[in-house]
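The numbering used here numbers the first residue of the sequence shown as 2 and each following residue consecutively.
Using N, Cα and C, we set each Cβ at its ideal position, and we do this for glycine too.
In what follows, a single structure is set out as structure tokens and then discussed.
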Amino acid sequence: MSAHTPNELADTFPEDAAALHRLKLTDAHFARLAERHHEVNRTIHRIECEAEAASDERLEELKRERLRLLDDIAAMLEQAPAE
């Protein structure tokens, strides 16, 4: 398994790196969403690298959850005040 897990938030929202960091520190709900995204994303990566077993249904369920989390995170980034 590579050291870099693809599809992390910094990869998905590179132009919002400062806002990601700030919101993780100042918004508990955002921090929970970001942490859950990290957990789900790493699980997907482990399954796709065959380091963890899972059914196709479980993998698809995780991918749908990751998309929902990304939608919520993107909406919060859009609403975040610029600094």
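Residues near residue i in its chain [Cβ-Cβ closer than 8 Å; skip 5 each side]
i	result
residue 137	The displayed coordinates of the chain run from 2 to 84. Any statement about residue 137 would go beyond what the structure contains.
residue 21	10, 11, 14, 35 and 78
residue 75	14
Residue from the options with nearest C-alpha to residue i
i	options	result
residue 83	64, 66, 5 and 16	16
residue 44	60, 31, 32 and 30	60
Close beta carbons around residue i, own chain, < 6 Å, minus the five adjacent residues each side
i	result
residue 66	41
residue 55	48
Residue span of the alpha helix (DSSP H) that contains residue i, given as start and end
i	result
residue 1	Because residue 1 is not part of the residues shown, which for the chain are 2 to 84, the question remains open.
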